[in-house]
Amino acid sequence: MKRILSVFLLLFSLALPLLAHSLEDVSVKEWRQDIGFLEEKLLNTHPNPYFKTDEGTFRQLLRSLERDLENLSSSEIYTRLTEIVASIGDGHTAIYPDSRLAVYPIYTYWFTDGLYIVATSDSEKHLLNCRVVEIAGMEVEDALYRLRKVVSFDNEWGFLQSHSDYLNKEEIMKGLGMVDMDGNLLLKVEKEGEIIEASVKPQREVFHWLQKRADEIDRSYQGRKYWYQYYPDSRILHFHYASCGSEKVNPFILFSCRMFLFTWTNPVSKFVLDLRGNRGGSSVVLAPFILRMMIDWRLNRTGKLFVLIDRGTFSSAVLNAISMRKRTNAIFVGEPTGGSPRHYGEVGRFQLPNSGIFVSCSTTYWKTTSDTSEAFMPDILAVRSFQGYYEMRDLAFEAVMTYGWEGEE
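Just so you know, we're using our numbering here: the sequence shown kicks off at 151 and counts up by one.
Here it is, written out as structure tokens:
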């Protein structure tokens, strides 16, 4: 469960100072300049800005925003800009909600049995582990449908991965008209079989996220890009590849050599490469490992080599999964990836001159496979339920442990 919950651990140190320059101080003239700057930079930077939306629709969104500026609040303008960038249609091209914006202290996750609040601040801890029934007076599915237009994502699993980073931002929810007159987020949740109402206030000061299950997590590897664990009883070696990069004090090429040496000096019946929650980086870092695994006659065999993926597997981590499928006999276990096999990436970043809003934009199209599906699919599907999560069960790893192949020695 360490990788499954790693996103929550990262939130513990999140600080929430206000934007250095308030969006409310930006004039209509300055917003107009920012819109023109955004249009020029997006169209000149993205290799194919109209691959999902047509040019007429895209430019209409821009012109409509320009016409409406006089009558919009800063929250509505910010949200409309986020929607315009998201309309490009790829998960790398986005106005990611700024961590400095005020936050509704709830973090939600979509399980097989619904949307649950899996992290809160101390002030909202009574909502922890509750199932969300309504958001802003709407059924959950309707609320997420409204939210969808401002979220940048490659596919449905990418939306499920990213939705909460938008749902809990005050500016976004205000801009979508999903808060009450005081700016509070109204929820109905199920708690111990009872439906209760909650009014969640935005937090503008520093706070730490609470996550009940996190107390049971080993934090030894927090902040690391990669590590491995060996389980003598099952003789499984679990290689966690949390980020596509190399550590300065522990270069990946040396780490990989030590890990393979370990497999020669210890009995390894199954080798697991874990790409869950890996948001990308440089895909070439893992290349020596993949090439080495190709020629390893002991491990590169059906039933011995596994790759774990989920909705958090994105960008270069998807490219690594593709390489593993092409070059090895690995069995893939988990969820469909949040990143598409073919996708736009290699992100460039620019800042709007007056509002200071940062925009990420793809610069390259990665066509490394003939697979045109929206997500890289596992061979064995293992999707979490809330009960499984609460019991700290890792269904994907359990599937690896119980996998048997009659030809295996």
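Positions of the beta carbon are idealized from the N, C-alpha and C atoms, including for glycine.
Taking a cut-off of 8 Å on C-beta distances, the segment 500-514 touches the segment 243-250, as three or more cross pairs fall below it. When 175, 231, 406 and 518 are compared, the shortest CA-CA separation from residue 192 is found for 231.
In the three-state scheme derived from DSSP, where H, G and I count as helix and E and B as strand, residue 223 is classed as coil. Looking only at 212, 237, 187 and 186, the smallest Cα-Cα distance to residue 202 is reached by 237. Per DSSP, reduced to three states, the secondary structure at residue 231 is helical. Between the alpha carbons of residue 234 and residue 386 lies a distance of about 47 Å. In the structure shown, residue 481 falls within a strand segment according to DSSP collapsed to helix, strand and coil. Under the three-state reduction of DSSP output, residue 516 falls in the strand class.
Take residue 340, set aside five residues on each side of it, and the residues of its chain with a beta-carbon closer than 7 Å to its own are 280, 281 and 283, in chain order. When beta bridges are read from the DSSP output, residue 285 appears opposite 288 and 337. By the CB criterion at 8 Å, residue 376 and residue 390 fall inside the cutoff. Membership of residue 390 in any alpha helix (DSSP H) is not indicated; the residue belongs instead to the beta strand (DSSP E) covering 386-391. C-alpha of residue 300 to C-alpha of residue 229: approximately 7 Å in a straight line. The segment 212-220 makes no contact with the segment 452-472, as fewer than three CB pairs between them are under 8 Å. Residue pairing from DSSP places residue 424 in a beta bridge opposite 390 and 458. Secondary structure at residue 258: strand, using DSSP grouped into helix, strand and coil. Ranked by Cα distance from residue 258, the first of 273, 239, 373 and 290 is 290.
Counting along the chain, the unbroken beta strand (DSSP E) around residue 509 starts and ends at 508-511.
Excluding five sequence positions before and after residue 485, the CB atoms of its chain that fall closer than 6 Å to its own CB belong to 460, 461 and 533, given in chain order. If the five residues before and after residue 352 are omitted, its C-beta is found closer than 7 Å to the C-beta atoms of 252, 253, 254, 320 and 333, all from its own chain and listed in chain order. Just measuring C-alpha positions, the residue of 240, 174 and 554 sitting nearest residue 516 is 240. For residue 493, the uninterrupted beta strand (DSSP E) segment begins and ends at 493-495.
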